[in-house]
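Enquirer: Numbering (my numbering), first residue to last: 17 to 136.
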């Protein structure tokens, strides 16, 4: 299933897992209602600014748990990265290794304000 988002308000449009490093997950374009929802399921940021959350994790088990919660909340994982595997590729790797299961949303951009979300 492929769909584009309407009602884009900010550059790059929708909340998404934009980067995953060795021990941090970055969620960008996050709105207040989404912040409250994340807090309600126990996902709290280590760093917060107006449109980004940074969540630290300390093991692959924690990373898998966070990916599962973010996926279950419908937050898409972006494709590609300038610094290696993007969040979507990391999700695929964990799923291929049997650590995650089920579908997730992947996001890419045709243009800065035109995200395309694909269910994988």
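Where a beta carbon is used, it is the ideal one built from N, C-alpha and C, also for glycine.
In this text the structure is predicted, and so the values were computed from the model without any measurement.
Taking Cβ positions, are residue 73 and residue 39 nearer each other than 9 Å?
Expert: Here residue 73 refers to the residue found at position 57 of the chain shown. Here residue 39 refers to the residue found at position 23 of the chain shown. Yes.
Enquirer: What did DSSP end up calling residue 44 once you bin it into helix, strand or coil?
Expert: As a working note, residue 44 is residue 28 in the chain shown. The answer is strand: DSSP assigns residue 44 an E or B state.
Enquirer: Which partner residues of residue 35 appear in the DSSP bridge assignment?
Expert: Translated into positions along the chain shown, residue 35 becomes position 19. DSSP, once it has assigned bridges, lists 42 as partnering residue 35.
Enquirer: To which residues does DSSP link residue 131 through a beta bridge?
Expert: Sequence index remark: in the chain shown, residue 131 carries index 115 (1-based). Answer is 125.
Enquirer: For the alpha helix (DSSP H) containing residue 57, name the first residue and the last one.
Expert: In the chain shown, the residue the question calls residue 57 occupies position 41. Here residue 57 belongs to no alpha helix (DSSP H), and DSSP marks it neither H nor E.
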